[in-house]
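Protein chains in written order, with UniProt numbering: chain A, 1 to 334; chain B, 1 to 334; chain C, 1 to 334; chain D, 1 to 334.
Inspection log for the structure reproduced underneath, given as structure tokens.
Number of protein chains: 4
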Amino acid sequence: MDLKVGVIGTGAIGIEHIKRINEKVQGAYVTAVSDINVEQAQRLANQIDAVFFETGEELIASPDVAIVVVTSWDPTHEKYVLEAIKHGKYVFCEKPLATDSAGCKRIVDAEVKAGKKLVQVGFMRRYDRGYIELKEAIETKKFGEPLMLHCAHRNPTADENYLTPMAIINTGIHEIDALRWLLQEDYVSAQMILPKQTSFTHEKLHDPQMLILETVSGIHIDLEIFVNCQFGYDIKCDVVCETGEIGLEDPAYTHVKAKGKNYTKIAPDWQTRFVEAYDYEFELWVRSIQTGNLTGPTAWDGYAAAVTMDACGKARDTGERTLIQLPECPALYK
Amino acid sequence: MDLKVGVIGTGAIGIEHIKRINEKVQGAYVTAVSDINVEQAQRLANQIDAVFFETGEELIASPDVAIVVVTSWDPTHEKYVLEAIKHGKYVFCEKPLATDSAGCKRIVDAEVKAGKKLVQVGFMRRYDRGYIELKEAIETKKFGEPLMLHCAHRNPTADENYLTPMAIINTGIHEIDALRWLLQEDYVSAQMILPKQTSFTHEKLHDPQMLILETVSGIHIDLEIFVNCQFGYDIKCDVVCETGEIGLEDPAYTHVKAKGKNYTKIAPDWQTRFVEAYDYEFELWVRSIQTGNLTGPTAWDGYAAAVTMDACGKARDTGERTLIQLPECPALYK
Amino acid sequence: MDLKVGVIGTGAIGIEHIKRINEKVQGAYVTAVSDINVEQAQRLANQIDAVFFETGEELIASPDVAIVVVTSWDPTHEKYVLEAIKHGKYVFCEKPLATDSAGCKRIVDAEVKAGKKLVQVGFMRRYDRGYIELKEAIETKKFGEPLMLHCAHRNPTADENYLTPMAIINTGIHEIDALRWLLQEDYVSAQMILPKQTSFTHEKLHDPQMLILETVSGIHIDLEIFVNCQFGYDIKCDVVCETGEIGLEDPAYTHVKAKGKNYTKIAPDWQTRFVEAYDYEFELWVRSIQTGNLTGPTAWDGYAAAVTMDACGKARDTGERTLIQLPECPALYK
Amino acid sequence: MDLKVGVIGTGAIGIEHIKRINEKVQGAYVTAVSDINVEQAQRLANQIDAVFFETGEELIASPDVAIVVVTSWDPTHEKYVLEAIKHGKYVFCEKPLATDSAGCKRIVDAEVKAGKKLVQVGFMRRYDRGYIELKEAIETKKFGEPLMLHCAHRNPTADENYLTPMAIINTGIHEIDALRWLLQEDYVSAQMILPKQTSFTHEKLHDPQMLILETVSGIHIDLEIFVNCQFGYDIKCDVVCETGEIGLEDPAYTHVKAKGKNYTKIAPDWQTRFVEAYDYEFELWVRSIQTGNLTGPTAWDGYAAAVTMDACGKARDTGERTLIQLPECPALYK
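This is the structure in structure tokens:
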């Protein structure tokens, strides 16, 4: 029996996930949608033979919805996730889980009280084949212990609405989760450095920025976040271990020699770079629900990311190394 | 409505395709299987909730089968494809379409008589992202006209049952189809060169071999076929054009520095190298049937490959450049 | 007329430079040597048809010596360089110019008083073809302004005599000079981070270490120094600019596919990595003396490096960002 | 005592070699020049403090000339080399040694009669670090026996004076010598293929061309010669061995990410690509004369190349595989 999926939020990313579920993921299909843009959502519902609901709450409550995808406006994530937990329905929520760590904590508490893992957060890096290979190398200790990670997250351009804090909240958040998962270690401190700025930025955005994270065992991560790098979408993650270095390879399918250059193409955007990861994320989400055992990023992971982001903000404002402290992790998530 | 698929032949590749259809391809599922190994096939049928048929003919005739996949023993391909055509059912046949060009021709004739494209041959290279990028570059003439192609098809090892002719029939056949498709040109001649042999081969296999193909417009292709190269599964395709060269990139997801080497991993086998191509092949096959317009490799493509293989065999035996001549292509395939 | 070279210090690096001057550099040859290891130095003098001097001072004073190379024990560098300045003779001094910044300052003062540039310091990175290409790209602003540099300096192993401060004094010193030269900017601050340690180190060496340097215009440099990386000698320098990134390529002359790996070799040691740079350094040194215009790293550059190293030491001990301040640069060096 | 060098022919390549000898090679300097362009050669002689001779013969006979470099017009190579042999003087002759194999044979005979190796041919590929690494791998049989070589020789553009036969005589000659030296095997047959032509060529030049060479032990070489490839100067040499493939790496000193491309630069011309090889060639030539033991490409190598080129010409005209047969190699060259 195919799983009936209700999607709250039918903007760009919502539409992509609907298409993904209906065309790429065996075992699930979208039966219901909801959005504040009623007209567009109703039209979409017609197209894909789904029911339109006026509110997310009604959608979640519907017997025609078995599992929920939340891709609505960030400030509404928390309430829809809490509502899904209330109904005991599995819910996939795009990052961020909530707009602050307090909101994430409320979700963790609700889920712990429900006594069952229902929430998965959309940290899709964990489903990228490169990161998976990195994790395997780290876990098998093929090259000994990891000591340092040199990382970069680069976007070609950012618009006027992209402000200084978003470098962490919208961009660095991916590494904050992925590297914690990669190393299976929590962070203990964050420091932020604000280097010379590109002339392609604007007044309200310091670009680039540099984040230095330290883990429990003393591993240090340096992460460049540069959202106006101009040349493409570029993700680096080099893990320096005791006897070797292993890093993400830039994906390329062909190479070219032309006009004096020997080149491969750089991905123009995150969709191109991580499309397979998104597909695999949803495939495994559906598969894990079918077997009753969620394996993806949990509400606790979303909370840990939020706490780290809070520390980064403070570190940026003070210029100082800032401690990061998490409460004891509930048994549900161990 | 999901398409009901009947699979004839439940050996290794058959099982893989069944898994693929049931887990990866939206819009189709396996309802029936058949194999001469009755016991294994029946057990499999039970596992996947499908019906077992004693014969391929019965499976094809069944109203519970809408479309057919043929992955049985090579010499049986022809009869099952002809049977499917007789029933007007879409049929996907693993290569080779038939064991000789005469058999392929009979299929072409039957399909032309039926007046509808029903047959797709399993040339999965066409669905590899690297080849697709090559084709795009050639079609847009981004680097001018293609002039030469330097190719290699390398397997780590071949066993005692792998004989000299199989270098073309089992291995080179992939390039014979893929390059004809890439260039959208028929071949006019073939020459084979038998270089110095590796000590890892056996008496009945000349390994490596070199094939030189020439197309209608004079493009020359050199293809190394080396099935005991020891180091991995390795596919090269460098297209030399008037103003640039574009070639397949070896897929890699991470790079490593260790023990004095800066390396990426080579795929160990064709499954690893082309797994995404297989998935995409079946996805598009199902999609094209849903829209009533087959877009994959046709029976005519299977026939053209068979005619070319005949010429290669003659070229190898004589040591001479051998002409390749196809009859006029029927309107159905244009 | 060939230039007569006197070499003080005939240890490993001294012998290499002698060989270099006599075999690779047109226009100069070694006429005199001196070393505290009298026996070895005399034997060497005989072999290469040079005169042996009991002391460096006698060698410098000799009319048979036109120009001087100092490759003796580090603590003696200062006195020999000062002696050469006293005699108005050009002197090439291996790094460090002196064991502390005060010593470097005395050399600068003596040279300024002499009123002529006579001293060149052995910072050979400036002669590496990769760094030269980086500098060209930065100077032409081909990719806009440089904003950040990500660097690494890795040695395969360090012995028991290699102590924590040497990561800067013996190893990082190369980058400290090369990056200041690359950017043509002085440093304003240093911070040091001590990440998780490799198990291949010993009690008196914290390995790896991370240095963060900031320049006058706000460019930030992160430099990993890892002297027990096990896998080879590996130098990274990636310059992130406003519209592109340009970095050192790992030198390789062949690539290999074998045993499941697609690889190039990593240099085993600094000699292999920078041999051409050393040759070119001496070629240009002799050429610049012939034309009466020293172009290499000056005593001031040696002093600036020493001041930076002092700050790094303080930064490591305190864990704090430490300011770096140079006095006004004398006109002689502008 | 420095070796006194006389240079016959002061065109572009002659001037380069003069500069090389005077500035880069320890142990030799140019004392005499000669050229049919009297005015230019006299001016040059004055500049470098050398004597001008009206004829090559006078230059060779002069007691002020110890060793001779021939970089004159191709048809004069033979007579100057023979003259140098007559005077018992070492002579370096740029390729070709003579304009045909008969001329080369006359030089071989004269040298054999003289009973001493005096002649070195300017096949500088043998001094390229990449080829040297390839040779080492082949000799140590690190990857077993070599079976096939895939090669390419590409120039960005050729002018109207470059005619079809020059693809072998001026261009392919480098590989003809280098690969014979690499494999330490003579050739037994040649075949030429004329693929589809680039629109950047002219009526009297078939471009590109493909040469297939076979060695005594059955190794097959395919060599693409493409002199209007537009994109740069590009040399490929991939040696397929029994357990691995080893190939020339494209030299690069930096890599760049910019405008959607991840690239290294391709050498624009052969000077850039092989400048170090030329330097090393002359360094070793002078060194080998000093020790009385020529180690470079011999007159016999020049002859073997000429015989192979004859066969290539015949193969191109006939379209057939053409046998290559050398007489017994004289003891002098073994």
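Glycine included, each C-beta is placed from N, C-alpha and C at the ideal position.
Every value quoted in this text rests on a predicted model; they were computed, and no experiment measured them.
Between which residues of its own chain and residue i is the CB-CB distance below 8 Å, once the five residues before and five after are set aside?
{"i": "Pro268/C", "result": "Pro156, Gly232, Tyr233"}
{"i": "Thr171/D", "result": "His153, Asn155, Ile225, Val227"}
{"i": "Pro327/C", "result": "none"}
{"i": "Glu245/D", "result": "Phe143, Asp238, Val239"}
{"i": "Gly292/D", "result": "none"}
Taking only beta-carbon positions, decide if residue i is within less than 7 Å of chain A.
{"i": "Ala158/B", "result": "no"}
{"i": "Tyr263/D", "result": "yes"}
{"i": "Gln271/B", "result": "no"}
{"i": "Arg43/B", "result": "no"}
{"i": "Lys196/C", "result": "yes"}
{"i": "Lys95/D", "result": "no"}
{"i": "Leu147/C", "result": "yes"}
Which residue or residues does DSSP assign as beta-bridge partners of residue i?
{"i": "Ile193/C", "result": "Met210/C"}
{"i": "Gln120/C", "result": "Phe92/C"}
{"i": "Ala252/A", "result": "Paired residues: none, contrary to the question."}
{"i": "Asn22/B", "result": "Partner(s): none; Asn22/B has no beta bridge."}
{"i": "Asp234/D", "result": "Arg154/D"}
{"i": "Pro297/D", "result": "Answer by DSSP bridge pairing: none, since Pro297/D is not bridged."}
{"i": "Gly6/A", "result": "Ala32/A, Val68/A"}
Under 7 Å, Cβ to Cβ, is there at least one residue of chain D near residue i?
{"i": "His87/B", "result": "no"}
{"i": "Gln230/B", "result": "yes"}
Measuring alpha carbon to alpha carbon, tell me which of the options ends up nearest residue i.
{"i": "Gln197/B", "options": "Gln325/B, Ile48/B, Cys237/B, Phe226/B", "result": "Phe226/B"}
{"i": "Leu3/A", "options": "Phe53/A, Glu54/A, Ile67/A", "result": "Ile67/A"}
{"i": "Asp250/C", "options": "Trp270/C, Lys257/C, Gly260/C", "result": "Trp270/C"}
{"i": "Leu205/D", "options": "Val216/D, Ala158/D, Ile176/D", "result": "Ala158/D"}
{"i": "Pro75/A", "options": "Ala98/A, Thr55/A, Asp279/A, Lys334/A", "result": "Ala98/A"}
{"i": "Lys79/B", "options": "Thr318/B, Lys236/B, Glu111/B", "result": "Glu111/B"}
{"i": "Glu203/D", "options": "Glu160/D, Pro195/D, Val216/D, Ser217/D", "result": "Glu160/D"}
{"i": "Val38/C", "options": "Gly130/C, Lys24/C, Asp49/C, Phe53/C", "result": "Phe53/C"}
{"i": "Val108/C", "options": "Asp279/C, Tyr278/C, Pro297/C", "result": "Pro297/C"}
{"i": "Ala45/A", "options": "Gly27/A, Val25/A, Ile18/A, Gln26/A", "result": "Ile18/A"}
{"i": "Lys259/C", "options": "Lys259/D, Ile266/D, Thr243/D", "result": "Thr243/D"}
Taking only beta-carbon atoms, is residue i less than 7 Å away from chain B?
{"i": "Tyr253/A", "result": "yes"}
{"i": "Pro268/D", "result": "no"}
{"i": "Glu242/D", "result": "yes"}
{"i": "Ile235/D", "result": "no"}
Sorted by chain position, which residues of the same chain lie with C-beta nearer than 6 Å to residue i's C-beta, five sequence neighbours on each side aside?
{"i": "Gln191/D", "result": "Ile212, Ala315, Arg321"}
{"i": "His255/D", "result": "Thr264"}
{"i": "Tyr29/C", "result": "Asp2, Asn22"}
For residue i, which residues of its own chain have a beta-carbon under 7 Å away from its beta-carbon, when the five flanking residues on both sides are left out?
{"i": "Lys135/C", "result": "Leu182"}
{"i": "Asp35/D", "result": "Gly9, Thr10, Ala41"}
{"i": "Glu94/B", "result": "Ile13, Val70, Thr71, Gly122"}
{"i": "Cys241/B", "result": "Phe143, Gly144, Glu145, Pro146, Leu147"}
{"i": "Ala137/B", "result": "Phe143, Ile246"}
Would a check of beta-carbon distances place residue i closer than 7 Å to chain C?
{"i": "Glu133/D", "result": "yes"}
{"i": "Asp222/A", "result": "yes"}
{"i": "Glu245/D", "result": "yes"}
{"i": "Ser217/A", "result": "yes"}
Per the contact definition of three or more C-beta pairs closer than 8 Å, is the stretch 89 to 105 of chain A in contact with the stretch 297 to 316 of chain A?
Contact holds: three or more Cβ-Cβ distances are below 8 Å.
Counting pairs of Cβ atoms below 8 Å between the stretch 54 to 63 of chain B and the stretch 53 to 66 of chain A, do you hit three or more?
Touching, no, given that fewer than three Cβ pairs across the two stretches are closer than 8 Å.
Count the C-beta pairs between the stretch 89 to 99 of chain A and the stretch 112 to 119 of chain A that are closer than 8 Å, then say yes if the count reaches three, no if not.
By the Cβ criterion, the stretch 89 to 99 of chain A is in contact with the stretch 112 to 119 of chain A, since at least three pairs of Cβ atoms, one from each stretch, lie closer than 8 Å.
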